[in-house]
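*Asks:* If you're matching them up, the sequences are chains A, B and C in order. Heads up: the first sequence begins at 1 in UniProt numbering, then just goes up one per residue. Heads up: the second sequence begins at 1 in UniProt numbering, then just goes up one per residue. Heads up: the third sequence begins at 1 in UniProt numbering, then just goes up one per residue. Dropping the structure in here first, questions after.
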Amino acid sequence: MRLTCPFCGSRGLEEFTYRGDALVRRPAADTSLQTDAQAWTDYVYLRDNPAGLHSELWYHGVGCRSWLVVTRDTRTHRVDDVRAASAVAAERSGGAA
Amino acid sequence: MSGAASHPKAGAQPMRVANGNAVDTSRTLHFTFDGRRLSGHPGDTLASALLAHGIHLAGRSFKYHRPRGILSAGPEEPNALVELRDGARREPNTRATVAELFDGLVARSQNRWPSLAFDALGMNGLLSSVLGAGFYYKTFMWPASFWEKVYEPAIRRAAGLGRAADEADPDHYEKATTFCDVLVVGSGPAGLAAALAAGRAGARVILCEEDSLPGGRLRAEHMTLDGAPAADWVAKACQALAAMPEVTVMTRACVFGTYDGGTYGVLERVADHKPVPAEGEARQRLWRIVARRCVVATGAIERPVVFPNNDRPGVMLAGAVRTYVNRFGVAPGRRAVVYTCNDDGLRTARDLARVGVKVAAIVDSRPEGTGAGAQVARDCGAPFFAGASLADVYGSKGVKSVLVRDHAGQAHNIACDLVAMSGGWSPNIALTTHQGARPDYREDICAFVPSALPPGMVVVGAAAGVFDTAEALGQGAQAGQAAAALCGFETALPDLPRAEPASYGIQALFHALKGVAAAKKGKAFVDFQNDVTARDIGLAAHEGFVSVEHLKRYTTLGMATDQGKTSNVNALALLAEVSERSIAQTGTTLIRPPTQPVAIGALAGAHRGPHFKPERLPPTHQWAMAQGAVFTANGLWQRAQWYPRAGEQTWQETVNREVRTVREAVGFCDVTTLGKIDIQGPDAAEFLERVYVNAWKKLPVGRARYGLMLREDGFAYDDGTTARLGENHYVMTTTTANAGGVMAHLEFCHQWLWPEMDVQFISVTDEWAQIAVAGPKSRDVLRQIVDPEYDLSNEAFGYMAARSVTVCGGQEARLFRLSFSGELAYELAVPARYGAALAERLMQMGAPYGIAPYGTEALGVLRIEKGHPAGPELNGQTTAHDLGMGRMLSTRKDFIGRVMAQRPALTDPARPTLVGLQPLCATDTLAAGAHLLPQGALATAAADQGWISSAAWSPTVGSWIALGFLANGATRLGEVVAVHNPLAGTVVNARVVSPVFVDPEGERLHG
Amino acid sequence: MPTDRYSLFSLLREGLRGNTGWKAAWRKAAPAPAYDYVIVGGGGHGLATAYYLARRYGGLRIAVVEKGWIGGGNVGRNTTIVRSNYLLPGNEPFYECSMKLWEGLEQDINYNAMVSQRGVLNLFHNDAQRNAYIRRGNGMRLHGVDAELLDATAVREKLPFLNFDDARFPIRGGLLQPRGGTVRHDAVAWGYARAADRLGVDIIENCEVTGIRIERGRAVGVETSRGFVGAGKVGLACAGNSSRVAAMAGLRLPIESHVLQAFVSEGLKPFIDCVVTFGAGHFYISQSDKGGLVFGGDIDGYNSYAQRGNLPVIEDVCEGGMALMPRIGRVRLLRHWGGLMDMSMDGSPIIDRTPVDGLYLNAGWCYGGFKATPASGLCFAHLLARDEPHPVATAYRLDRFARGAVIDEKGMGAQPNLH
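Structure representation (structure tokens):
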């Protein structure tokens, strides 16, 4: 499998490490176990784990040290999209603001 | 037929008939098989050389130990497996059909005792009615204890094929990665045409051919291209390819697997055709070829026909017989019977006749009037049987005659020593199925062809079911052109040679049995190597194993070293018949990579022995070597474990001395391996607030602080000190083990969780040599090293102070007043290149103070004495509370792990928490890994209350001491617990004490 | 008279009459309209569950529905190792229960699954690993499970062909569980299927579950490719695909599906007599009774339903193999394949009720499910029949993640690919 890092180009799997689902969201800083236990359990533990397109986080640790958001089909390993996680995150927070 | 053809000549190689197109008979090579001295020529395989001597018997089958001959002329060979070479280079299960002959080659038959000609386990064949498919699932169960003691040892003695070498493989292997636009797999007509077309366009092309020579079937057949022998055109095509600068032709290079992203696994046999690799030469090389497009032109594999005793030595695939005749100039027999269901098989009769082999009969399963059989038979002067079948073969170690059943059911016994059979050709589609696509069955050619293909792949020629040479050439060229065009290289098609037309005319023939279940007399083999017969398939189906996957697993069909290359389709046909389905309905199993077995050594490459993993060396490594240090692996790092001195009898003595040196005078230790991360930016302090559990905003410039990080699930992750060197500048230390992980974690937090923060990180672990200088005299020593303008007094540079300094007359450095030992201590960092010089300077300046280096063992003792948790305590299963750091968790800010750390099971007061332990009897040993139980309790899990995580002999305390985790530990100080170590058979009593054994008030630290 | 019971006698008798009298190993059952219990998944765990349900709680109508052919998932793809050498109290009694069931399995189900207690040896290469293994071994002994600590000399005596000469990470010793070993994996599926079939269980192949019918908050059956099948209780035993099937009932699980590759070499004369795991790399190996070296290593590490992996892990595994036993350099890898793992968030399994009444979950086996097969079946059957966890499986609750009572043998946290 190969990922096209937006900064480094197409690189082999051995340069990357995997983290997992990029759709889970860390609950806000002002939440607590008392009020938001389910949200925290969801964030840390529960996953959609789809058979099909999966939005997921990878780390280009042997390259530019960028975190990446990869869209990949878990049935075929076909990679559809790779974006810098920081850019995705900035859009997300921009959208929320 | 006459001309060059002659009768097989007598002499050393009686069956050598004429120059094959790939054999150089002007040179002779010598080899031995089972000790017998034989000869061959350059270009021979072991199989062709054996056949040149009239030797068919080459091996024994797995279960019944039936005598077996050479079936094929390629990598699909199920029978002729040998142990090649000797000693440490012994290669079991080597297919004689692909082993290139070299002078001095040594081969031995395998899986037979006492000899190939007489094998005691051949008697298994007599028991075949009991030893049918899956018999072992039905017996060997009584009594239960007999399996390990009696049955299994007996089975294992009989099991297996060849013997692995007894010694380490002396050869070396390499790995390489390369990239191309178009990868062409196979160099038969379709592959060569594809490579020519893509190469002409200017694309980067790699053509891989697993054989030693390009050409594929063009070398095996007696055929012309443009009116000249086909091998001539192969040579021309190769010259043309060689002239194209962007084209690489790799022979002896087997593409064994299709992986994701256009990555192909390729094994290049660099030196297998030589007695030993040349000096510095790899035996084999693993290539990872990354290709934008791939043209698969891997040809086809001929199928045997299933009929009674079809496994006798001398029964061969028809196409293989032609290969031996045309390529190697070897006649595999003197009187041949050709058995076929297609016109391609008939070519065998012509080729044999041309070199003077008597064709004793042509048996064509097709009805009278179909195919070219009658004409060929006339041309060869052979009796012709249309609509007929082979009913039996006689001769246990070599064919003596066959029983032909003609269209009217009449039996004819025909003397012969060779049977050339053809059940038709199965496209070699393995590479197309590695990503899970199941092939489709085509009735018209009685074979499976690729269906959905992996991205970027096309299949051409016989691999796509196109068996006509002209058509294969054209299809290959078009595919090569199209593949290049898709990579941006366009050009016209190359000129292709004119090929003779050839008919195929196949009519399905998988077996010659009167029904699968009727195969009672004689054994009709489907999978030769694993001895799976038609009857086994009937039995398996009868017992309900009718899914192809069940059939395969129950009968072991297709699971031998040939992976069913010659057996799978026949088995499916038999299963389809017995379960009254079509072959298409029956389906097929997936072909797993690799397409050919690959040496484990090649897949490992250079990563073995001392080079298994890279080695990281701290800056003082060479210096420590010179001091005679003993080293230990710490992850990838090599670290000095202790520094023995003359006269010290045991390592314990050395470590005790090093510990005392630190407690009483001054010692130093290279701690460069700790992760060091430089953090800068206006939001650096806020960032630290969020990744550490404790507060950071008020840490002044010039100070350091201990920090604890949790994972988001609330368990402790890592710890270390972080120093503030400037307003927006920090340097963080991590544990050695987590240096990389923490770096990735910080980047994750920043890039993904809080991208708005203005902060940057870089790992500086390798930039700075960092040396801990510890002990009451440490300030005195450092005073000699640090330039005089820096005030090191306790008032000016107290505990947890940190700053940039210069040392040794202006050299930049960083000084931290940190202590892992509990003594007055510093860590001094200098640019990595000065690490060894600093060690030398410390030795020199510290000599008057009694300085000595200490290793990781003393470091460990010192930290246990001081109760500092390390790896064994921060094991990913403990919480801040467990570690006695519960109060560090800030309640005024958010940080990673904050919320989940509050879950009930993590805050349960009964959790085992960190305690110290000291044996009641000073001579008792405490062992890490021992468990803690109440005194007097039975040694059961129910009474288990904790364990010892770290233990050491403490020269300071004068006994063994330990850190451990004990349920309700914090409330049990003073209690005595039983320390159980059942593995060692010991129980000792120990008192629960504070984990801080030395200087609990911390006076020395601040001194 | 068809032959049903397997024995040497029946084998001889059938041999004499041309093997025509054997009864089918299991009937090709068609789905009935309703059952007391429907087990989703005809793998080892599902079949074992059905067997123990039928065997221990008689008089029930039980069906196993399987989308393909039984035993087609991990029970037929694993590296055949069985052991009960776990560290944590939540795990150890369960796996020991499984080991005891393996020890009597063949006589129980009248099927030779070749349970071979040839020993499992975990090597260590440094003091920290040794101490962790001592902690584990002592824990096992306190649970009444066999464990022995071997030093380097003892390891060398046992396995002289390991690399003791120029290893990057020298072998310092090992923790041996003599009762561990291997079991012929396919036979486990077939043996349980046959035994369950004889107790009246319907094993329904080629029957894919496409939905879970829930009425008034209760699961009442499954929609399948062969029609609706009603059920008093539905048990999911489809590890690898647990998330997909649970999603049909609206559940999200603490699970990711990952691929683990497995490897087999060409057949060789046996020379490895026990299961060995390398402590300095991802590599474990045994040798089958047919002579093939059966080995494996780490998971590929990314979510996958593709049942295949990639070269980096293949190379990594072979590097581990060569580092540990350099004599296998010329031995050839014959075949490699991948299986889907339910990688749970703490590396331990789940056997529990779900928030949906009547729907039960057996999932999250990571790459350790094979050895658990008998106990998993027994405990899941117990849960289904009694609505309470079996005493050795009380820790495998679904709510443990919310409570924090995770069972994290490796201490890797909520990162499935690190377990």
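Glycine included, each C-beta is placed from N, C-alpha and C at the ideal position. Nothing here was measured: the structure is a model prediction, and the numbers come from that model.
Along chain B, in chain order, which residues have C-beta atoms closer than 8 Å to that of residue 44 (chain A)?
*Replies:* Locating residue 44 (chain A) in the first sequence gives position 44, counting from the first residue. Within 8 Å Cβ-Cβ: 712, 713 and 900.
*Asks:* List, in chain order, every chain B residue whose beta-carbon is nearer than 8 Å to that of residue 67 (chain A).
*Replies:* The sequence position of residue 67 (chain A) within the first sequence is 67, counting from 1. Neighbours of residue 67 (chain A) on chain B, chain order: 747, 748, 751 and 752.
*Asks:* Can you check the region 218 to 281 of chain C for any alpha helix (DSSP H) of at least 4 residues that lies completely inside it and give the ranges in chain order?
*Replies:* Counting whole runs of 4 or more residues, the region 218 to 281 of chain C contains the alpha helix (DSSP H) stretches 242 to 247.
*Asks:* What is the rounded straight-line gap between the Cα of residue 783 (chain B) and the Cα of residue 811 (chain B)?
*Replies:* Residue mapping note: residue 783 (chain B) aligns to position 783 of the second sequence, counting from 1. Residue mapping note: residue 811 (chain B) aligns to position 811 of the second sequence, counting from 1. Cα to Cα, the separation comes out at about 15 Å.
*Asks:* How many whole angstroms separate the CB atoms of residue 441 (chain B) and residue 602 (chain B), which I take to be in contact at a CB cut-off of 8 Å?
*Replies:* By one-based count along the second sequence, residue 441 (chain B) stands at place 441. By one-based count along the second sequence, residue 602 (chain B) stands at place 602. So it is not a contact: roughly 35 Å between Cβ atoms.
*Asks:* Look up residue 173 (chain B) in the DSSP assignment and give the residues it is bridged to.
*Replies:* The residue labelled residue 173 (chain B) in the question sits at position 173 within the second sequence. According to DSSP, residue 173 (chain B) bridges with B:284.
*Asks:* Can you tell me which residues form a DSSP beta bridge with residue 308 (chain B)?
*Replies:* For the purposes of this step, residue 308 (chain B) is taken as the residue at position 308 of the second sequence. Residue 308 (chain B) pairs with B:524.
*Asks:* Taking 9 Å as the CB-CB limit, is residue 60 (chain A) close to chain C?
*Replies:* Indexing the first sequence from 1 puts residue 60 (chain A) at position 60. No, its Cβ sits nowhere closer than 9 Å to a Cβ of chain C.
*Asks:* In chain A, which residues lie with their C-beta within 7 Å of the C-beta of residue 396 (chain C)?
*Replies:* For this step, residue 396 (chain C) is matched to residue 396 along the third sequence. Going along chain A, no residue has its Cβ under 7 Å from residue 396 (chain C), so there is no contact; the nearest lies around 15 Å.
*Asks:* Which residues in the same chain have their Cβ closer than 7 Å to the Cβ of residue 840 (chain B), if we skip the five residues on either side of it in sequence?
*Replies:* Position 840 of the second sequence, counting from 1, holds the residue named residue 840 (chain B). Excluding residues within five positions, the ones whose Cβ falls inside 7 Å are 623.
*Asks:* Mind checking whether residue 71 (chain C) and residue 247 (chain C) have CB atoms under 9 Å apart?
*Replies:* Within the third sequence, the letter at position 71 stands for residue 71 (chain C). Within the third sequence, the letter at position 247 stands for residue 247 (chain C). Their beta carbons are not under 9 Å apart, which means residue 71 (chain C) does not touch residue 247 (chain C) by this criterion.
*Asks:* Tell me the DSSP secondary structure of residue 975 (chain B) in three-state form.
*Replies:* As a working mapping, residue 975 (chain B) is identified with position 975 in the second sequence. Looking at residue 975 (chain B) - three-state DSSP - the assignment turns out to be coil, as it is neither helix nor strand.
*Asks:* Quick one: is residue 160 (chain C) buried, meaning 16 or more other Cβ sit within 10 Å of its Cβ, or exposed?
*Replies:* Stepping through the third sequence from its first residue, residue 160 (chain C) is reached at position 160. Residue 160 (chain C) comes out exposed.
*Asks:* Looking only at its chain, what residues have a beta carbon closer than 7 Å to the beta carbon of residue 195 (chain B), apart from the 5 residues adjacent to it on each side?
*Replies:* Working through the second sequence from its first residue, we reach residue 195 (chain B) at position 195. 184, 205, 207, 241, 247 and 480, listed in sequence order.
*Asks:* On a CA-only basis, which of B:716, B:803 and B:295 is nearest residue 869 (chain B)? Give me that one, please.
*Replies:* The residue you call residue 869 (chain B) lines up with position 869 of the second sequence. Per the Cα distances, B:716.
*Asks:* Look up residue 80 (chain C) in the DSSP assignment and say whether it is helix, strand or coil.
*Replies:* Within the third sequence, the letter at position 80 stands for residue 80 (chain C). It is coil, neither helix nor strand.
*Asks:* Determine whether the Cβ of residue 877 (chain B) lies closer than 9 Å to any Cβ atom of chain A.
*Replies:* Within the second sequence, residue 877 (chain B) is the residue found at index 877, counting from 1. Chain A, which has no Cβ nearer than 9 Å to the Cβ of residue 877 (chain B), makes this no.
*Asks:* Under 9 Å, Cβ to Cβ, is there at least one residue of chain B near residue 79 (chain A)?
*Replies:* On the first sequence, residue 79 (chain A) is found 79 positions in, with the first residue counted as 1. Output row for residue 79 (chain A): interface = yes.
*Asks:* Can you find the residues in the same chain that come closer than 6 Å, C-beta to C-beta, to residue 528 (chain B), ignoring five residues on each side of it along the sequence?
*Replies:* As a position in the second sequence, residue 528 (chain B) is number 528, starting the count at 1. Only 78, 79 and 311 meet the Cβ criterion.
*Asks:* Could you work out which residues of chain B lie near residue 26 (chain A), taking near to mean beta carbons separated by less than 7 Å?
*Replies:* Numbered from 1 along the first sequence, position 26 holds the residue referred to as residue 26 (chain A). What residue 26 (chain A) touches in chain B: 753.
*Asks:* Distance cutoff 9 Å, beta carbons only. Does residue 291 (chain B) sit that close to anything in chain A?
*Replies:* For the purposes of this step, residue 291 (chain B) is taken as the residue at position 291 of the second sequence. So, not an interface residue.
*Asks:* Which two residues bound the contiguous alpha helix (DSSP H) that contains residue 232 (chain B)?
*Replies:* Taking the first residue of the second sequence as position 1, residue 232 (chain B) is located at position 232. Residue 232 (chain B) -> alpha helix (DSSP H) spans 230 to 242.
*Asks:* Taking its Cβ as the centre, do 16 or more other Cβ atoms sit within 10 Å of residue 123 (chain B), making it buried, or is it exposed?
*Replies:* Taking the first residue of the second sequence as position 1, residue 123 (chain B) is located at position 123. Classification of residue 123 (chain B): exposed, given that the 10 Å Cβ count is below 16.
*Asks:* Quick one: list the residues of chain A neighbouring residue 244 (chain C), beta-carbon separation under 9 Å, in chain order.
*Replies:* In the third sequence, the residue the question calls residue 244 (chain C) occupies position 244. 49, 50 and 51, listed in chain order.
*Asks:* Quick one: does residue 107 (chain C) have its CB under 9 Å from some CB of chain B?
*Replies:* As a first step, residue 107 (chain C) is located in the third sequence; it is residue number 107 there, counting from the start. For residue 107 (chain C), the answer is yes, since a Cβ of chain B falls inside 9 Å of its Cβ.
*Asks:* Tell me the DSSP secondary structure of residue 322 (chain C) in three-state form.
*Replies:* Here residue 322 (chain C) is taken as the residue at index 322 of the third sequence, counted from 1. Here residue 322 (chain C) sits in helix by DSSP.
*Asks:* Check the Cβ-Cβ distances between residue 23 (chain A) and every residue of chain B, and say whether any is below 9 Å.
*Replies:* Residue 23 (chain A) sits at position 23 when you count from the first residue of the first sequence. Closer than 9 Å: no.
*Asks:* What does residue 156 (chain B) reach in chain C if we use C-beta pairs closer than 7 Å?
*Replies:* The residue labelled residue 156 (chain B) in the question sits at position 156 within the second sequence. What residue 156 (chain B) touches in chain C: 270 and 289.
*Asks:* Residue 119 (chain C): which of C:260, C:346, C:201 and C:175 sits nearest, CA to CA?
*Replies:* Position 119 of the third sequence, counted from the first residue, corresponds to residue 119 (chain C). When only C-alpha atoms are compared, the closest one is C:175.
*Asks:* I'd like to know if residue 37 (chain A) contacts chain C, where contact means its C-beta is closer than 9 Å to some C-beta of that chain.
*Replies:* Walking along the first sequence from the start, residue 37 (chain A) turns up at place 37. Chain C, which has a Cβ nearer than 9 Å to the Cβ of residue 37 (chain A), makes this yes.
*Asks:* Is there a Cβ from chain C that is less than 9 Å from the Cβ of residue 75 (chain A)?
*Replies:* As a working note, residue 75 (chain A) is residue 75 in the first sequence. It does; some Cβ of chain C falls within 9 Å.
*Asks:* With 7 Å as the C-beta to C-beta threshold (strictly closer), list the residues of the region 285 to 313 of chain C near chain A in chain order.
*Replies:* Within the region 285 to 313 of chain C, the residues whose Cβ lies closer than 7 Å to some Cβ of chain A are 301, 302, 303, 304, 305, 306, 310 and 312, listed in chain order.
*Asks:* Excluding sequence positions up to five away, which residues of its chain have a Cβ less than 8 Å from the Cβ of residue 1066 (chain B)?
*Replies:* One cannot answer for residue 1066 (chain B) here, as it falls past the ends of chain B, which runs 1 to 1007.
*Asks:* Taking the C-alpha atoms as reference points, what is the distance between residue 196 (chain C) and residue 877 (chain B)?
*Replies:* Translated into the one-based positions of the third sequence, residue 196 (chain C) becomes position 196. Translated into the one-based positions of the second sequence, residue 877 (chain B) becomes position 877. Looking at the two C-alpha atoms, the distance is approximately 40 Å.
*Asks:* How far does the beta strand (DSSP E) with residue 151 (chain C) in it reach, from first residue to last?
*Replies:* What you label residue 151 (chain C) is simply residue 151 of the third sequence in a count that begins at 1. Start and end: 148 to 151.
*Asks:* Going along chain D, which residues have a C-beta under 7 Å from residue 345 (chain C)?
*Replies:* Absent from the structure: chain D. Protein chains present are A, B and C.
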